[in-house]
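Under numbering that gives the first Met the number 0, the sequence shown has 448 at position 449, and the numbering climbs by one with no breaks.
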Amino acid sequence: MTTTPTTPTARTRDHLARPPSLPATGVRLAEVRWAAAALALFLAGWAAQLLDAPAWLWWGLYLTCYATGGWESALSGLRALRERTLDVDLLMIVAAVAAASIGQVFDGALLIVIFATSGALEAVVTQRTADSVNALLNLAPERAVRLHRTPDGEHEEVVETSRLRVGDTVLVRPGERVGADGTVTEGFSEVDQQAITGESVPVPRRVGEGVLSGTINGTGALRVRVDRPAGESVIARIVTLVEEASATKARTQLFIERIEQRYSALVVVATLLVLGIPLLFLEHDFEAALLRAIVFMIVASPCAVVLSTMPPLLASIANAGRHGVLVKSATVMEQIGRVDLVAFDKTGTLTRGEPRVTGVEPEPGHTADQVLAPAAAAERNSEHPLARAIRAQAEHRGVAVPSRVEDFESLPGTGVSATVDGARVRVERAPADAEGPASTRVLVSVDGRVRGRITLADALRPEAARTVAEVGALTVQPVHLLTGDNAATAAHVARAAGVDRVHAGLLPQDKAALVKEREDAGTRVLLVGDGVNDAPAMAAATTGVAMGRRGSDLALDTADAVVVRDDLSTLPRLITLSRRARRFVVANLCIAGTFIVVLVTWDLVGTLPLALAVAGHEGSTVVVALNGLRLLRERAWTR
0 MTTTPTTPTA RTRDHLARPP SLPATGVRLA EVRWAAAALA LFLAGWAAQL LDAPAWLWWG
60 LYLTCYATGG WESALSGLRA LRERTLDVDL LMIVAAVAAA SIGQVFDGAL LIVIFATSGA
120 LEAVVTQRTA DSVNALLNLA PERAVRLHRT PDGEHEEVVE TSRLRVGDTV LVRPGERVGA
180 DGTVTEGFSE VDQQAITGES VPVPRRVGEG VLSGTINGTG ALRVRVDRPA GESVIARIVT
240 LVEEASATKA RTQLFIERIE QRYSALVVVA TLLVLGIPLL FLEHDFEAAL LRAIVFMIVA
300 SPCAVVLSTM PPLLASIANA GRHGVLVKSA TVMEQIGRVD LVAFDKTGTL TRGEPRVTGV
360 EPEPGHTADQ VLAPAAAAER NSEHPLARAI RAQAEHRGVA VPSRVEDFES LPGTGVSATV
420 DGARVRVERA PADAEGPAST RVLVSVDGRV RGRITLADAL RPEAARTVAE VGALTVQPVH
480 LLTGDNAATA AHVARAAGVD RVHAGLLPQD KAALVKERED AGTRVLLVGD GVNDAPAMAA
540 ATTGVAMGRR GSDLALDTAD AVVVRDDLST LPRLITLSRR ARRFVVANLC IAGTFIVVLV
600 TWDLVGTLPL ALAVAGHEGS TVVVALNGLR LLRERAWTR
């Protein structure tokens, strides 16, 4: 057989490329730049007004703020009107212009800044998610080594993975990513599938078994027959699932949004009636009718309604952030408390996501340290997760590990062999029937004699069982476990954590389909995960929560909230805080509604002085804002 050497481009990146940072994302978005300019102009105008600068100066700054921060909302609102729908942003522009027309240009400019900033934040989150989906494609290598036969032998050809066709054979060398979904036709190795299936330990793959695009080959070379074109691979389907589920989720209106839409329509109709009825039936002069209508617009303006929702939710976000939970938006904070079912991924979520030594069983006449010492020495040059766990356990116990290691040999799919202080040491997996449901056992032999066994497992997080119990008490339906791992391991972890419903052996699309099925049935799902394989299900769920320390970039960006320190015990407190924030929102809406009703009635029945109208309007805004900020207190999180 003759071959042509591969080029370095055949090698693939070991890590998922990180999308741009939030500041970098924001800088390249026009919405963010316009909002920042509007804020700067508003602050400059306010400062000029406070310093008794000429009126033309601060009026000019405020009006420029109007144009800078409001043109996009005004254009969007006009387009919506053309489609015969009412855009709430257009009402804000009208209210701001009305305020300026009677001299209250400060109030109008503040309104413009609030909504411009809100739109900018939404644009950043949307773009960040799009960047993360694009970064996911980097999991699949751009090139692969395709094998083809000619009359003079077999040759290697480096090709774009998009050019691979069903039936092609590709060569995957140790340490490379698999270039396509396919079946092993020659070779034996261990493949790290954690990014796709969530399995914490690399799985053996031999002739006749399937491998997935984007997974990492271990120490053996594999020949793989391509079973699916690149556009239909598991990675490509994950991208599609995330995009589709995110688009569906974006169309869902929240409780607060529905209130704002209906209220805005009512204000527009009522303002026209307040202006038109006196002119048509009561023979009032136009200026008097216009003044009454403008006052009505101010006192009926939804500023207080909007601030009824934002301060409680934003204060809750800040409080959660102080305790290690990043909630990405006020919308998310409002959603979290409404979930009916909480589902957990297993590997890296309920468990630590990496194997640890759980037991050492020495043969008679030997000690545990005498088993760990040669094993850790032999594993010194291996980067396998089991090797790292054995070395970590030896270091933790203070075992004296021999330093003279020679003739290291990797045994693909089995273990390693090396000469340690003159003795031949083998560390290899025990036969399959010796493995427990949630553990892996390796045999340690020295010069052909078994010295002992080391048991490793993906350990449950210490707070997992308590968290599951507390979350289960807060939700309508029992807690679920969704995992790509095998049924025995999943059942073992579920029993230890107290989870009632277990779904094992799930690929990413299976997780997403299961979550979507619950959502379509009217159940609001909160999914907690950490890997690329969890991202489609997170997008399909009402709320996705990612583990921050081990979470993949896609999971972190698809998720609506991030547990920064991987402390699961924050989850039930987050749900409780969200529900408390929602109660504050309802209370604030009642307060804002009372102010509006009283002031509007006064304006319609009598004559409401403009100064008093402004004072009442601003007063209601201050009251609801201060009430919402009570959720910044420490006891709002702890009780």
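The beta-carbon is built from N, C-alpha and C at its ideal position, and this holds for glycine as well.
Terminal residues of the continuous alpha helix (DSSP H) containing residue i?
i: Ser577; result: 569–604
i: His322; result: Taken as a continuous stretch (DSSP letters only), His322 belongs to no alpha helix (DSSP H), as it is neither H nor E.
i: Gly471; result: 463–473
i: Ala560; result: Careful: Ala560 lies outside any alpha helix (DSSP H), inside the beta strand (DSSP E) at 560–562.
i: Thr149; result: Element bounds for Thr149: not the alpha helix (DSSP H) but the beta strand (DSSP E), 142–149.
i: Ala487; result: 486–496
Are the CB atoms of residue i and residue j nearer to each other than 8 Å?
i: His322; j: Thr542; result: no
i: Ala372; j: Ala329; result: no
i: Gly347; j: Asp556; result: no
i: Ser307; j: Leu630; result: no
i: Ala350; j: Ser438; result: The amino acid at residue 350 is misidentified as Ala; the sequence shows Thr. The answer is no: Cβ separation not under 8 Å.
i: Val441; j: Gly414; result: yes
i: Pro228; j: Arg145; result: no
i: Gly213; j: Pro173; result: no
i: Thr160; j: Arg142; result: yes
i: Val112; j: Trp58; result: no
i: Gln615; j: Phe583; result: Reading off the sequence, residue 615 comes out as Gly, not Gln. Their beta carbons are not under 8 Å apart, which means Gly615 does not touch Phe583 by this criterion.
Along the chain, where does the beta strand (DSSP E) that runs through residue i open and close?
i: Ala342; result: 340–344
i: Glu159; result: 152–159
i: Asp162; result: In the sequence as displayed, the identity of residue 162 is Arg instead of Asp. From DSSP, Arg162 is part of no beta strand (DSSP E); its letter is neither H nor E.
i: His365; result: It is not in any beta strand (DSSP E) - His365 carries neither H nor E in the DSSP assignment.
i: Pro535; result: Segment 534–539 is the alpha helix (DSSP H) holding Pro535; no beta strand (DSSP E) there.
i: Glu333; result: That residue, Glu333, is in no beta strand (DSSP E); its alpha helix (DSSP H) goes 329–335.
i: Ala456; result: 448–459
i: Arg423; result: 422–428
i: Glu185; result: 181–186
i: Arg204; result: 202–204
i: Val544; result: 542–546
i: Val445; result: 438–445
On the three-state DSSP scale, how would you describe residue i?
i: Gly69; result: helix
i: Leu644; result: This structure leaves residue 644 out entirely; the chain is present only between 0 and 638.
i: Phe407; result: strand
i: Ala503; result: coil
i: Pro384; result: helix
i: Asp167; result: coil
i: Thr63; result: helix
i: Asp191; result: strand
i: Glu360; result: strand
i: Leu607; result: coil
i: Leu77; result: helix
i: Val267; result: helix
i: Arg634; result: helix
i: Pro477; result: coil
i: Arg32; result: helix
i: Glu518; result: helix
i: Thr620; result: helix
i: Thr418; result: strand
i: Thr557; result: helix
i: Val304; result: helix
i: Glu378; result: coil
i: Val398; result: coil
Return the CA-CA distance between residue i and residue j, expressed in angstroms with no decimal places.
i: Leu410; j: Thr637; result: 52 Å
i: Ala591; j: Val623; result: 7 Å
i: Trp601; j: Ser100; result: 21 Å
i: Thr620; j: Val338; result: 30 Å
i: Ala540; j: Val341; result: 10 Å
i: Val501; j: Thr488; result: 11 Å
i: Val298; j: Phe280; result: 24 Å
i: Val604; j: Ala586; result: 27 Å
i: Asn33; j: Leu80; result: With the sequence shown as reference, residue 33 is identified as Trp, and Asn is not the correct amino acid for it. About 23 Å.
i: Met332; j: Gly521; result: 19 Å
i: Ala46; j: Pro53; result: 12 Å
i: Gly72; j: Leu109; result: According to the sequence shown, residue 72 is Ser rather than Gly. Distance between the alpha carbons of Ser72 and Leu109: 14 Å.
i: Pro277; j: Leu526; result: 56 Å
i: Leu567; j: Pro430; result: 35 Å
i: Lys327; j: Ala560; result: 6 Å
At a cut-off of 7 Å, would you count residue i as near the ligand MG, judging by its Cβ distance to the nearest heavy atom?
i: Glu382; result: No copy of the ligand MG appears in this structure; indeed no ligand is present at all.
- Can at least three beta-carbon pairs, one atom from the stretch 29–47 and one from the stretch 61–71, be found at a separation below 8 Å? yes
- Item | Stretch-stretch touch, CB-based, cutoff 8 Å, three pairs: the stretch 263–282 with the stretch 568–584 | no
- Should the stretch 361–368 be regarded as contacting the stretch 456–476, the criterion being three or more beta carbon pairs within less than 8 Å? no
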